[in-house]
Structures are given as C-alpha cells and as structure tokens.
Amino acid sequence: MGWTNYHTHCHFCDGEAEPEAYVQSALRQGLLALGFSSHAPLPFPTHWTMDPGRLDDYLSTIRALQKKYADKLPIFLGLEIDYIPGVISPGDARFQALGLDYIIGSVHFFGSALDGLYPTIDGTEEEFLKGINGIFKGNIRLAVESYYQNVRSMVQMSTPDIIGHLDIIKKNNKQSKYFSEDETWYRQTVSDTLTTIAESNAIVEVNTGGIARKRTDSTYPSPWILERIRELNIPITLSSDVHSPELITGLFRETATLLLDIGFTHLYVLTPTGWQPRPFSPEGVEYFI
Ligand SMILES: [Zn+2]
Ligand SMILES: [Zn+2]
Numbered sequence: 001m002g003w004t005n006y007h008t009h010c011h012f013c014d015g016e017a018e019p020e021a022y023v024q025s026a027l028r029q030g031l032l033a034l035g036f037s038s039h040a041p042l043p044f045p046t047h048w049t050m051d052p053g054r055l056d057d058y059l060s061t062i063r064a065l066q067k068k069y070a071d072k073l074p075i076f077l078g079l080e081i082d083y084i085p086g087v088i089s090p091g092d093a094r095f096q097a098l099g100l101d102y103i104i105g106s107v108h109f110f111g112s113a114l115d116g117l118y119p120t121i122d123g124t125e126e127e128f129l130k131g132i133n134g135i136f137k138g139n140i141r142l143a144v145e146s147y148y149q150n151v152r153s154m155v156q157m158s159t160p161d162i163i164g165h166l167d168i169i170k171k172n173n174k175q176s177k178y179f180s181e182d183e184t185w186y187r188q189t190v191s192d193t194l195t196t197i198a199e200s201n202a203i204v205e206v207n208t209g210g211i212a213r214k215r216t217d218s219t220y221p222s223p224w225i226l227e228r229i230r231e232l233n234i235p236i237t238l239s240s241d242v243h244s245p246e247l248i249t250g251l252f253r254e255t256a257t258l259l260l261d262i263g264f265t266h267l268y269v270l271t272p273t274g275w276q277p278r279p280f281s282p283e284g285v286e287y288f289i
C-alpha cells in the first residue's frame, strides 16, 4: 500500500526541479506510480506553460525515465492541457497524436481575450479582477458561470481522462471575498457541471495543491462538492498538483480521511492496463491487486 500521483509539474513548465528529482523523491517516499503532467504549450507565451520548442524533449525525457526506472516505479507520460474555446482543447489532434498515457484537462483562463491577452483565473488577484472587470463588466456571477460553462464544454467536446482542479475559480475567493459557495446560483452551476461530468467517463481529481500551498482553505473540489460527486458515483483520483519534489503526497493522508468520511471506497489509479478503481485508506491505495 502506498500513494500514486499523476499531477506533477517539473522544469519543463513551472515546476521547481528536473523530472528525475521527482522520481527519486517518489522512490524515497514509497510511491507506487508517478505521472508527469507539464502544462502543455499554448499558442501564446506565458511564464508557466511549456515552451512549444521543448515538447519533443519533454516527451523523450519522460519516456527515457520510464525505461530507466522500469523495475522500480511505473512512470506515466501525461500533459495538463488547457481548454479555451476556439484556441486550445485537450481533444486537439496535435495532442491526441502524441501517444500520451493520459491527459488532464484544465480551465485556467477566462474564455475571452482582453486587449489580445487571456487573463488567468488562478493567477494573481489583480489579474483575476482584470478578467472579471474587463470581460464581465464586474459581474462575478457571470464570470463564475462562464468558467463552469467552459468546464462543461470541455467535458462534452473533448473529454480528458482527468478533470483538473474542478473549482479552481475559488482560488482568489478566500473567505468568500467575491462570492459565497452557498448561493443558489453557485450551487446550481456546480450541479449542472457535475451532471455533465457524470454523463461522461472523465475522472475528477481531488487536488491538494491549493490547500497544501495555503492558497485555498480546502481541497479542489470543496468537500460539499465531493459529497455530490459521491452521490453521482463519479470516479475520483487523488493528486497533489506538485511543483516541488518533496511535496508529492502533500496532505494525502488527511484528504484520504475526508474522502473515507464522505463515503468514497475507491480511488482511480493509472496502471499499465489503464485507469482502475482501487480501495484506499489513510495509508494509501492498493495499487497492486
Ligand atoms: Zn492546473
Ligand atoms: Zn497543474
């Protein structure tokens, strides 16, 4: 029994270390599987996504690690791919052609450009507000509903294996600064999104990255959303969205306890034969059955 993690950022995007440092840390911590998911290149420059010219090097570096550590640790090659309507999607042929082991689909951007730039949802509060004010004329509800509409479109049009940090829209909303998750309209848009997800075969990740880095007060998604996910029998996986090697299993024990309390019995793990449900405890998952 031990942990797995499929949401890992290394030097090829905004992670702190070279890929092999994560492999070595995973081995020290007794991980049973590790997946790399660098931010896929975008058609415009950012400080956190992979440079388009480095994609081939990324693919060959991870594949080489896979071979080098074949008898010690199953390693998987993935990408975290953005969804911006009409700009980039996890279903794009150029990504499908890469032979990836899996894809995390994430919405990091408000879906419209502002003066030629796409403001991020999960960047600085200043940039978040620039998006809200510039694109949605200050209407936070419209901005949040548009975010979830983009998640639904992504799931319907190009279902990724994993839906990344489902409610990342709350990242700049600590202490309910801009909206309350208790409001009827918020509950409704989340509920609509979960219905769409339940009709797909996507896995929702329970992501500890925000809470481990103290950027949020709870996991992505929030515990009340996890309760709905349980009721709808939507499959989940546990991931750390890690950017530094030591934190690969950040808050996994505490989060597993929460998930067991909610009533989850299985976490999905990626094995050489695909995504499989496995029983888990606060100590980890039963990866090898
Ligand atoms: Zn992300
Ligand atoms: Zn990520």
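Per my numbering, the sequence shown starts with residue 1, numbered consecutively.
The beta-carbon is built from N, C-alpha and C at its ideal position, and this holds for glycine as well.
Only a predicted model underlies this, so the values are computations on that prediction, with no experimental measurement involved.
(request) Mind checking which residues open and close the beta strand (DSSP E) that includes D82? (result) Segment 75-82, the beta strand (DSSP E) holding D82.
(message) Give me, in chain order, the residues of the same chain whose beta-carbon lies closer than 6 Å to that of G284; leave out the 5 immediate sequence neighbours on both sides.
(response) Cβ within range, chain order: M1, G2, W3.
(request) Taking L247 and S240 to be in contact with their CB atoms under 8 Å, please state how far apart those CB atoms are, rounded to whole angstroms. (result) The Cβ separation is near 6 Å, so the contact holds.
(request) Please indicate yes or no: does the CB of E16 lie closer than 7 Å to some heavy atom of ligand 2? (result) No, the Cβ of E16 stays beyond 7 Å of every heavy atom of ligand 2.
(request) Say whether the segment 49-64 touches the segment 115-130, bearing in mind that this needs 3 or more beta-carbon pairs closer than 8 Å, one atom from each stretch. (result) Not touching, per the Cβ criterion.
(message) DSSP three-state label for T8, please.
(response) Strand at T8.
(message) Given this structure, state the Cα-to-Cα distance separating R358 from W185, to the nearest angstrom.
(response) Past the boundaries of the shown model lies residue 358; the chain is included only from 1 to 289, so the question cannot be answered.
(message) For ligand 1, I want to know if E127 counts as a neighbour, meaning its beta carbon is within less than 7 Å of at least one of the ligand's heavy atoms.
(response) Flag unset: Cβ of E127 not near ligand 1.
(request) State the beta-bridge partners of H266 as determined by DSSP. (result) Answer by DSSP bridge pairing, in chain order: P279.
(message) Distance check for A198 and N233, CA to CA, integer angstroms please.
(response) Taking the straight line from one Cα to the other gives about 8 Å.
(request) Taking only runs that begin and end inside the segment 176-250, name each unbroken alpha helix (DSSP H) of 4 or more residues, in chain order. (result) Listed in chain order, the alpha helix (DSSP H) runs fully inside the segment 176-250 are 184-198, 209-212, 223-231, counting runs of at least 4 residues.
(message) I want to know whether the segment 51-61 touches the segment 269-287 - three or more CB-CB distances under 8 Å.
(response) No, because fewer than three Cβ pairs between the segment 51-61 and the segment 269-287 fall closer than 8 Å, the two stretches do not touch.
(request) Go to G131, then tell me how far its alpha helix (DSSP H) extends in each direction, as first and last residue. (result) Element bounds for G131: 125-136.
(message) Beta-carbon within less than 6 Å of S158's beta-carbon, same chain only, minus the 5 sequence neighbours each way: which residues are those?
(response) Sequence-distant Cβ neighbours of S158 in its own chain, meaning closer than 6 Å and more than five residues away, are S89, P90, G91.
(request) Give the straight-line distance between the Cα atoms of G134 and L114, rounded to the nearest whole angstrom. (result) Straight-line spacing of the CA atoms in G134 and L114 works out to 7 Å.
(message) If you reduce the DSSP assignment to three classes, tell me which class L42 lands in.
(response) Three-state DSSP puts L42 in coil, outside helix and strand.
(request) Please determine, among M154, T271, S281, the residue with the shortest C-alpha to C-alpha distance to T265. (result) Residue S281 is the option with its Cα nearest to T265.
(message) Quick check: V23 and Y69, are their CB atoms within less than 8 Å of each other?
(response) In contact: V23 and Y69 (Cβ atoms closer than 8 Å).
(request) Give the C-beta separation of I270 and Y102 to the nearest angstrom, bearing in mind that I take them to be a contact with Cβ-Cβ under 8 Å. (result) The residue you asked about is not Ile; residue 270 is Leu in the sequence shown. Taking the Cβ atoms as the reference, L270 lies roughly 6 Å from Y102, within the contact range of under 8 Å.
(request) Could I get the ranges of all uninterrupted alpha helix (DSSP H) runs contained in the segment 11-72, with 4 residues as the minimum, in chain order? (result) Runs of the alpha helix (DSSP H) spanning 4 or more residues and lying entirely within the segment 11-72 occur at 19-28, 55-68, in chain order.
(request) Under 8 Å by Cβ, that's how I've got N150 and P85 pegged, so tell me the actual separation to the nearest angstrom. (result) Correct: roughly 7 Å between the Cβ atoms.
(message) Which same chain residues end up closer than 7 Å to G263 when comparing Cβ atoms and leaving out the 5 residues on each side of it in sequence?
(response) R230.
(request) Kindly indicate which residue of D161, T216, D182 has the alpha-carbon position closest to the one of K291. (result) With the chain covering only 1 through 289, there is no way to say anything about residue 291.
(request) Measure how close the beta-carbons of G111 and S146 come, nearest whole angstrom, since I'm counting them as under 8 Å. (result) That belief holds up - the Cβ atoms of G111 and S146 are roughly 6 Å apart, short of 8 Å.
(message) Any contact between the segment 242-259 and the segment 206-215? By contact I mean 3 or more CB pairs, one from each, below 8 Å.
(response) Using a C-beta cut-off of 8 Å, the segment 242-259 makes contact with the segment 206-215, since at least three inter-stretch Cβ pairs fall below that distance.
(request) Classify S153 as helix, strand or coil using the three-state DSSP reduction. (result) Correct three-state label for S153: helix.
(request) Name the two residues that bound the continuous alpha helix (DSSP H) containing A93. (result) Residues 93-96.
(request) List the residues that DSSP assigns as beta-bridge partners of L114. (result) Partner(s): L117.
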